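What follows is a single structure, written as structure tokens, with notes after it.
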Amino acid sequence: MALSVACSSPAEDSAAPPGAAVLPIQPGQLGGFDHLVAIGRVWLGSQPTAEGLVNVRDAGATLVINARPSEEMSFPEESVVRGLGMEYRSLPFTAKTLDARTIDNFLDVMREHEGRVLLHCSSGNRVAALWAVWEIREGGLSVDEAIARARKYLS
785 MALSVACSSP AEDSAAPPGA AVLPIQPGQL GGFDHLVAIG RVWLGSQPTA EGLVNVRDAG
845 ATLVINARPS EEMSFPEESV VRGLGMEYRS LPFTAKTLDA RTIDNFLDVM REHEGRVLLH
905 CSSGNRVAAL WAVWEIREGG LSVDEAIARA RKYLS
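So the number in our numbering is just where the residue sits in the sequence shown, counting from 1, plus 784.
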């Protein structure tokens, strides 16, 4: 997992208070995804179908963050998302291209957005890595704890 770039020197002002609550990982239970889990206000998942996007919107999502590069996309997701009245952010990366800037952009988007979020890639692997960084930086988890949780929501 590409956590070394994200976890080597967390910003002091972004550390969570000691004893911060760890949110449970729950099945997403929405159609239109091969894999989906819910953690607090965030769904982490695989590529949604158009039906999946309708389902997360109907369940309260107001933002979709897509971690897939454009060459991986099979339909105009941004148009569908915006047509459904949700915000759309593209933060494309692969295991080879994940860098501190992408991580910082993700953290900024999550800090600024207070509503429900769908964070997805193709299978869920890339977003599991991003979410692990969030749990380290914002949730106060150790790297080992965050990686163990990422593995849990990938299974």
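Glycine residues also receive a C-beta, built at the ideal position from the N, C-alpha and C atoms.
Bear in mind that the values here come from a model prediction, so they are computed numbers and not experimental data.
Going by DSSP in three states, residue i sits in which element: helix, strand or coil?
| i | result |
| --- | --- |
| GLY867 | helix |
| ILE809 | coil |
| GLY836 | helix |
| SER874 | strand |
| ALA858 | Looking at the sequence itself, residue 858 is Ser, so the reference to Ala does not match. Three-state result, SER858: coil. |
Find the nearest neighbour of residue i within the set the options, judged by alpha-carbon distance.
| i | options | result |
| --- | --- | --- |
| VAL927 | ASP883, TYR872, VAL893 and ALA913 | ALA913 |
| TYR872 | MET894, LEU925, TRP918 and GLU856 | MET894 |
| ILE849 | GLN813, THR886 and GLU929 | THR886 |
| LEU807 | GLY923, ARG935 and LYS880 | GLY923 |
Might you give, ordered along the chain, the residues of its own chain that have their beta carbon closer than 8 Å to the beta carbon of residue i, omitting 5 neighbours on each side?
| i | result |
| --- | --- |
| ALA845 | TRP827, MET870, GLY899, ARG900, VAL901 and LEU902 |
| TYR937 | ILE809, VAL821, ILE823, LEU828, GLY908, ALA912 and TRP915 |
| PHE877 | ALA851, PRO853, ASP883, THR886 and ARG910 |
| LEU868 | LEU837, VAL838 and ARG841 |
| GLY815 | GLU835, GLY836 and ASN839 |
| ARG866 | TYR872 |
Got a sec? Which residues, its chain only, sit under 6 Å from residue i by beta carbon, not counting five neighbours each side?
| i | result |
| --- | --- |
| VAL864 | ALA834 and LEU837 |
| SER910 | Here residue 910 turns out to be Arg, not Ser, going by the sequence shown. Same-chain partners within the cutoff: ALA851. |
| LEU925 | GLU919 |
| HIS897 | LEU847 |
| PHE817 | GLY829, SER830, PRO832 and GLY836 |
| ARG825 | ARG900 |
How would you write the range of the beta strand (DSSP E) that residue i sits in, first residue to last?
| i | result |
| --- | --- |
| LEU847 | 845-850 |
| ALA822 | 820-823 |
| LEU828 | 826-829 |
| LEU902 | 900-904 |
Need the endpoints of the alpha helix (DSSP H) that residue i sits in, please.
| i | result |
| --- | --- |
| LEU914 | 909-921 |
| LEU891 | 884-896 |
| ALA930 | 927-938 |
Within the same chain, show all residues whose beta-carbon is closer than 7 Å to that of residue i, passing over the 5 residues directly before and after it, in chain order.
| i | result |
| --- | --- |
| ALA843 | LEU814 |
| GLY803 | Per-residue confidence for GLY803 stands at a pLDDT of 46, beneath the threshold of 50, marking its modelled position as unreliable; no derived number is given. |
| GLU856 | SER906 |
| PRO811 | VAL821 |
Query raised in the report: Pairing CB atoms from the stretch 892-909 with CB atoms from the stretch 827-835, are three or more of them under 8 Å?
Result: With the cut-off at 8 Å, the stretch 892-909 and the stretch 827-835 touch.
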